[in-house]
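Undergrad:
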Amino acid sequence: MKWLLAPVGDELAGEIRRTSARLLTWRDGRWLGIAGSIAAMGVFGSPAAFLLFSLFISLAALFDLANLRAATRAGPAIPRALALRIGAGNALLFAAMASLPLWLLGPGFSQTLLVAGCLWTSTALAFVGLNYGGSRVHSYPGFAVAAALLIAYLELAGQTPLAPAGPWHGMALTVLVAMCIGVLTAQFLYQQRATAHLIRAREAEAEQRRQFESRARYDALTGLLNRAEFERLLGEAIAECGRRDPRFTLLMLDLDGFKAINDVYGHAAGDAVLVAVGKRLRANLRATDLVARLGGDEFAVLLTSLTDRAEATATAERLCATIRARIPWEKETLAVGVSIGIAMQGEVGAGPAELIAAADRAMYLAKAERGCGWRIWESGMNAAGPTAEQGAALEAAIRHGQIVPFYQPKIELASGRIAGFEALARWEQPGGRIAMPSEFLPVAEEFGLTRDLTFAMVGCVLRDIRDWRAAGLDPGVISVNVDETLLCTTSGLDELEWRLAEVPEAAGHFGIEVTEGVTVGRSAVKVRENLERLSESGVRVAMDDFGTGFASFQHLRSFAFHEFKVDGSFVAGLGSDPRADAIVDAFLAMATGLGADVVAESVETAEQARILAQRGCRYGQGFLFGAPAAAEAVRERLARSGAAIDAGNSAA
């Protein structure tokens with residue numbers, strides 16, 4: 003009984019007193035008093051009993067409600083002992099109230115009042131135990147007490163009739179018993195509904211907890227492990243190596259061409275590519291291997307119990323091939339490549355951070371080599387992914403004019419004359435080192451410097467054209483590679499047209515090169531309009547690397563290009579591969595039908611130049627005709643080449 007006598011705490015006790023004081027009003031208790039008075043009048047037909055019974059039943063009900071409301075205010079964390087004490091306190095109250103009328107009104111009234119107390123006790127125990135005890139079993143004592151008191155009353159009523167007995171005695175007793183049974187039944191049904199609700203709430207809570215734990219461990223889009231979970235498991239794998247020496251291999255993967263898909267087709271297409279890549283990775287690895295999406299288009303693979311370099315590179319080759327396969331999306335088929343960095347555990351530092359950094363360095367070297375491929379980390383590798391320092395250095399280089407064009411000549415195959423140049427970006431670094439685009443273009447893309455880089459090149463090219471024209475030289479058409487995102491906006495086009503207007507000498511000598519990606523995607527209409535504006539102003543528009551991108555013949559029909567540049571991969575097989583010959587013939591026929599010229603890239607032998615000329619290709623570009631050179635070297639070459647240039651002469 004110690005728990006019955008223990009104090010409830012000053013704060014809760016004060017809340018109960020304040021709530022009880024507010025509840026003990028005529029407004030709150032009048033309906034209970036009226037109901038109790040009618041019942042007493044029907045049983046006894048006595049005004050005195052009517053008033054006394056009404057007083058007792060109203061005070062008892064209000065006290066019980068005060069306790070329940072105080073418990074409600076205490077919150078669902080109320081202790082089970084306190085919930086039982088509230089119900090037990092009501093039982094003790096009714097026992098005291100039942101003993102008082104024993105000597106005032108006789109046993110009949112006491113028994114009647116005891117039944118009323120039974121009803122209120124069962125209600126209190128059931129309600130408080132169900133809602134604040136934490137389990138439905140806590141309401142069982144209330145039903146047990148109510149049933150026991152009711153049985154005792156009926157047995158006593160069978161031996162001792164109610165006093166005073168009246169004409170309504172039998173009906174009143176029947177109504178009273180029916181009320182007891184009805185209240186108990188209602189409490190039972192309420193308990194079942196509340197229990198079902200409680201079970202559903204707990205199941206929903208468990209499902210929410212499971213989803214939260216899943217989000218904490220897995221990537222929401224692909225279902226693969228996320229970065230945090232992968233790094234945790236990687237740390238465990240490294241610790242396991244220290245105990246049993248089961249070596250493993252780490253692969254870091256970064257998709258090539260993913261940004262173009264996002265820009266051209268939208269993020270829905272990008273998400274579809276990520277999901278497809280995740281499935282292909284999982285399908286081509288063992289069940290014991292770990293696969294994770296680290297973020298963006300970067301993935302990681304942990305090949306457990308694998309230390310053989312040949313097996314690791316074979317796995318990398320297999321992953322490159324499966325990822326390179328085209329991915330169907332709506333009415334399109336999308337293609338991405340992948341660059342993979344491989345780090346062998348045991349050849350790198352002991353911690354997860356060192357292992358990931360080594361695989362990252364190898365992966366960025368593979369990406370710099372332009373193509374779907376892999377590299378294994380070797381000691382001494384220092385190339386890493388773009389860093390904030392590199393971004394700041396490139397931004398400063400653009401601002402200080404260190405990004406300059408190197409010009410590669412475009413030759414008319416039939417006559418050998420210089421028809422123009424392609425301007426290729428180079429970074430003149432302190433100390434005289436010339437950085438190639440593969441070193442700084444990823445940095446420009448990572449830090450949003452592509453537009454600034456493009457306009458830096460445009461400014462240099464326009465300045466060189468003005469100087470050459472002032473010297474009486476004819477450079478032909480100088481083309482600059484322009485990022486697609488610049489052509490998607492009116493502001494980008496306005497700035498380009500403004501720069502062209504500032505150099506009127508460039509009219510008829512300036513061109514741009516774009517990739518096939520501009521012909522597809524959500525911005526294709528805007529790009530087409532902007533290209534038409536440039537064409538009308540005298541800018542020559544060429545499609546670069548034709549045949550390697552996303553464009554279809556349906557897309558090409560909507561654009562008016564002045565020339566198509568055939569990728570060097572198709573030129574390399576001329577004369578030795580009949581399929582390469584057939585593809586080049588098809589390109590030439592299509593370009594002729596569209597009213598455009600063809601420029602063959604990467605022409606490296608005189609035989610290739612001869613075959614292209616025979617097949618009707620008008621222009622060629624490649625090391626056969628000269629390597630990219632600085633502006634001063636181009637000026638000297640233009641000054642020397644007043645007549646035709648021998649296509650077989652490779653001197654710059």
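The sequence shown maps to residues 3 to 654 in the working numbering. Yeah, the Cβ is synthetic: ideal placement off N, Cα and C, and Gly gets one too.
(1) Take C354 and list the residues in its own chain whose beta-carbon comes closer than 8 Å to its own, dropping the five residues that flank it on each side.
(2) Measuring only the C-alpha atoms, how far is A337 from A327?
(3) Are three or more beta carbon pairs between the segment 613-633 and the segment 595-605 nearer than 8 Å?
(4) Can you grab the Cα-Cα spacing for the pair A316 / Q210, in whole Å?
(5) Quick one, are the C-beta atoms of D265 and S341 less than 7 Å apart?
(6) Under three-state DSSP, which class holds M459?
(7) Does DSSP classify G494 as helix, strand or coil?
(8) Take M365 as the anchor and find which of A318, P411 and Q404 has the nearest alpha-carbon.
(9) So, with DSSP's three-state summary, where would you put E424?
(10) Consult DSSP for L580 and reduce its assignment to one of helix, strand or coil.
(11) What do you get for T492, buried or exposed, if any count of 16 or more other CB atoms within 10 angstroms of its CB means buried?
(12) Taking only the alpha-carbon atoms, compute the straight-line gap between A274 and E313 and give it to the nearest angstrom.
(13) State yes or no: is the C-beta of T657 within less than 7 Å of the C-beta of A458?
(14) Return the CA-CA distance between T607 and E424, expressed in angstroms with no decimal places.
(15) Between A399, R642, E486 and A278, which lies nearest to T335 when the distance is taken from Cα to Cα?
(16) Does the structure place the segment 586-596 close enough to the segment 570-578 that three or more beta carbon pairs sit under 8 Å?
(17) Could you pull the start and end residues of the beta strand (DSSP E) that G570 belongs to?
(18) Could you check how far apart the C-beta atoms of V543 and I514 are, in whole angstroms? I think they sit under 8 Å.
(19) Quick one: Cα of A399 to Cα of G393, how far?
(20) Sorted by chain position, which residues of the same chain lie with C-beta nearer than 7 Å to A598's C-beta, five sequence neighbours on each side aside?
(21) Alpha carbons only, please: which of A271, H269 and V303 is nearest the one belonging to A285?
(22) Closest to E391 by C-alpha separation, out of L357, E448 and G343, would be which residue?
(23) So, with DSSP's three-state summary, where would you put S537?
(24) Does the separation of the CB atoms of L464 and V505 fall below 7 Å?
(25) Nearest to Q431 by alpha carbon, out of Y409, I263, I405 and E414?
(26) Going by C-alpha to C-alpha distance, which of R320, A509, T324 and D310 sits closest to E347?
(27) Does R419 come out as helix, strand or coil in the three-state DSSP assignment?
(28) Let's see if you can read the secondary structure: which residues bound the beta strand (DSSP E) around T251?
(29) So what's A437 in DSSP terms, helix, strand or just coil?
(30) Roughly how many angstroms separate the alpha carbons of R363 and W379, rounded to a whole number?
(31) Suppose you measure from the CA of W376 to the CA of S307; what does that come to, to the nearest Å?
(32) Where A271 and I329 are concerned, what is the direct C-alpha to C-alpha distance, given to the nearest angstrom?
(33) Using the rule of at least 16 other Cβ atoms within 10 Å of the residue's Cβ for burial, across every protein chain shown, is L640 buried or exposed?
(34) Would you mind reading off the limits of the alpha helix (DSSP H) that contains G272?
(35) For G343, count the other beta carbons within 10 Å of its own beta carbon; 16 or more makes it buried, fewer makes it exposed. Which is it?
(36) Which one or two residues does DSSP pair with I413 in a beta bridge?
TA: Let's see:
(1) Checking the sequence shown, residue 354 turns out to be Pro, not Cys. Hits under 8 Å: E233, L236, G237 and I240.
(2) 7 Å
(3) yes
(4) 42 Å
(5) no
(6) helix
(7) helix
(8) A318
(9) strand
(10) The displayed chain sequence assigns Pro, not Leu, to residue 580. Here P580 sits in helix by DSSP.
(11) exposed
(12) 30 Å
(13) This structure cannot speak to residue 657, because the chain is shown only from 3 to 654.
(14) 19 Å
(15) A278
(16) yes
(17) Unbroken run through G570 is the alpha helix (DSSP H), G570 to V573; no beta strand (DSSP E).
(18) 6 Å
(19) 10 Å
(20) F563, H564, E565 and F566
(21) V303
(22) E448
(23) helix
(24) yes
(25) I405
(26) Glu is not the amino acid found at residue 347; the sequence shown has Gln there. When only C-alpha atoms are compared, the closest one is D310.
(27) coil
(28) F250 to D258
(29) strand
(30) 7 Å
(31) 20 Å
(32) 10 Å
(33) buried
(34) H269 to A285
(35) buried
(36) I420 and G622
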